[in-house]
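J.: Numbering (the numbering used here), first residue to last: 1214 to 1276. Virtual Cβ for every residue (Gly too), placed ideally from N, Cα, C.
Here's what the structure looks like:
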């Protein structure tokens, strides 16, 4: 029996594993993008709140 012979079932399974690996990588990328997209609004709200807080402190100090 030749050592270079590849069982078609093994080759098909390897191809399926590779397709699954690529799909998983895409899913992880999408999840990371969604996480980043959800972080942005929170960062904007925090920046606005901080700015308003500083503005109120400055306004009170001047009164």
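Output the distance between the C-alpha atoms of residue 1256 and residue 1240, rounded to the nearest integer angstrom.
T.: Working through the chain shown from its first residue, we reach residue 1256 at position 43. Working through the chain shown from its first residue, we reach residue 1240 at position 27. Roughly 25 Å separates the two Cα atoms.
J.: Would DSSP call residue 1219 helix, strand or coil?
T.: The residue labelled residue 1219 in the question sits at position 6 within the chain shown. DSSP places residue 1219 in coil when its eight states are reduced to three.
J.: In whole angstroms, what is the alpha-carbon distance linking residue 1229 and residue 1217?
T.: Position 16 of the chain shown, counting from 1, holds the residue named residue 1229. Position 4 of the chain shown, counting from 1, holds the residue named residue 1217. In a straight line, the C-alpha of residue 1229 is about 21 Å away from that of residue 1217.
J.: Could you give the DSSP three-state label for residue 1276: helix, strand or coil?
T.: Indexing the chain shown from 1 puts residue 1276 at position 63. Coil, per DSSP.
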